[in-house]
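In short: position in the sequence shown from 1, add 421, done, that's our numbering. Here the structure is laid out as structure tokens; the discussion comes afterwards.
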Amino acid sequence: MDMKIETSANYISLMKPGAWTKFQARPQEMPSVADRVEISPEARASREAQPPEDRFSQLETLLEGPNKDALMAQVREWRQSHQLEVNWNATVDPDGSIYARSYMEGLVNQLETLRTTVEDYYQEGHQENLRFPNPHNHLVEKYRYSGSPYFRGDLPQAQRDMAFRQEEALLRGGRVALNDPWALAPVGGVPKGEDLEKAAKEYAQSVLDGLIADYKKLHGIQE
Numbered sequence: 422m423d424m425k426i427e428t429s430a431n432y433i434s435l436m437k438p439g440a441w442t443k444f445q446a447r448p449q450e451m452p453s454v455a456d457r458v459e460i461s462p463e464a465r466a467s468r469e470a471q472p473p474e475d476r477f478s479q480l481e482t483l484l485e486g487p488n489k490d491a492l493m494a495q496v497r498e499w500r501q502s503h504q505l506e507v508n509w510n511a512t513v514d515p516d517g518s519i520y521a522r523s524y525m526e527g528l529v530n531q532l533e534t535l536r537t538t539v540e541d542y543y544q545e546g547h548q549e550n551l552r553f554p555n556p557h558n559h560l561v562e563k564y565r566y567s568g569s570p571y572f573r574g575d576l577p578q579a580q581r582d583m584a585f586r587q588e589e590a591l592l593r594g595g596r597v598a599l600n601d602p603w604a605l606a607p608v609g610g611v612p613k614g615e616d617l618e619k620a621a622k623e624y625a626q627s628v629l630d631g632l633i634a635d636y637k638k639l640h641g642i643q644e
């Protein structure tokens, strides 16, 4: 590459000979009226005195001292405006133990109610048995021995068998059967297992709903 110094020009070129272009001053272009923006001296002074502040700086300021409350207020306001979906069950019951315990409690409560209903249904027959010197013999005469004056021939065989079983359980201090359609007829009959489970789940969820309501109240969360 040749370097050439022109005495008649006011520049030095590192370009090859023949590639010279003399400097010519370009006339200054004036902005058009459409491109011109007028800023008052007051606005310019205010802008120069207050440099732009990004969100990081704002957060850094808010995290200092009493400004934490202001930051928390902004977070709460943001959350309320965005309404994120929250798994509230996991918030109040992280390991699921409360739900499981409440579910079992819901099942037990239903079964105990059914048991009480069955026992109440046979209580009159049970008390009758106890009035005899040999309660169990009287029980047999009622439901198994057709030649006895106490025989309940007015009942179908299946009902006599169930009554014998239930009253015998009461005599021996055992548990009555819960699949008794006659004893449970006043309360809608023998419930389905699916219905018991559904009711237990609803009970467990109601327990969690109560805890969630308390949690929200404690933390000032409104929805």
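Yeah, the Cβ is synthetic: ideal placement off N, Cα and C, and Gly gets one too.
Close Cβ partners of residue i (< 6 Å) along its chain, the five nearest in sequence each way excluded
{"i": "E474", "result": "Bear in mind that the predicted position of E474 carries a pLDDT of just 48, short of 50, making it too unreliable to give a figure here."}
{"i": "H559", "result": "N550 and F553"}
{"i": "V628", "result": "S523"}
{"i": "P472", "result": "Bear in mind that a pLDDT of 48 at P472, under 50, signals an unreliable position, so the number given afterwards is only what the model happens to contain. Excluding residues within five positions, none has a Cβ falling inside 6 Å."}
Closest Cα partner of residue i within the set the options
{"i": "L591", "options": "L632, T534 and H557", "result": "H557"}
{"i": "P602", "options": "S567, R581 and S518", "result": "R581"}
{"i": "A625", "options": "E526, D516, R573 and A511", "result": "E526"}
{"i": "F585", "options": "A621, I519 and K563", "result": "K563"}
{"i": "E618", "options": "Q531, K638, V539 and P554", "result": "Q531"}
{"i": "V611", "options": "R536, A511 and A521", "result": "R536"}
{"i": "A521", "options": "T534, K622 and Q544", "result": "K622"}
CA-to-CA distance, residue j to residue i, given in whole angstroms
{"i": "F572", "j": "V529", "result": "36 Å"}
{"i": "S523", "j": "A620", "result": "11 Å"}
{"i": "I642", "j": "G517", "result": "22 Å"}
{"i": "G594", "j": "L605", "result": "20 Å"}
{"i": "W509", "j": "E615", "result": "26 Å"}
{"i": "D630", "j": "N600", "result": "32 Å"}
{"i": "A634", "j": "K613", "result": "32 Å"}
{"i": "D575", "j": "S567", "result": "11 Å"}
{"i": "E644", "j": "D541", "result": "47 Å"}
{"i": "P570", "j": "T534", "result": "35 Å"}
{"i": "Y543", "j": "L639", "result": "50 Å"}
{"i": "G546", "j": "A579", "result": "17 Å"}
{"i": "R565", "j": "Q548", "result": "19 Å"}
{"i": "V561", "j": "A511", "result": "56 Å"}
Whole-number beta carbon distance between residue j and residue i, since they are thought to touch under 8 Å
{"i": "N555", "j": "E588", "result": "The Cβ separation is near 14 Å, so there is no contact."}
Same chain only: Cβ atoms within 8 Å of residue i, ignoring 5 sequence neighbours per side
{"i": "A598", "result": "V539, M583, R586, Q587 and A590"}
{"i": "L632", "result": "V513, D514 and I519"}
{"i": "R596", "result": "R536 and A590"}
{"i": "S478", "result": "Confidence is the limiting factor: at S478 the pLDDT is only 41, short of 50, which leaves the residue's position unreliable and the question unanswerable from this model."}
Neighbourhood of residue i by C-beta, 7 Å cutoff - its chain only, sequence neighbours within 5 removed
{"i": "V608", "result": "T538"}
{"i": "K637", "result": "none"}
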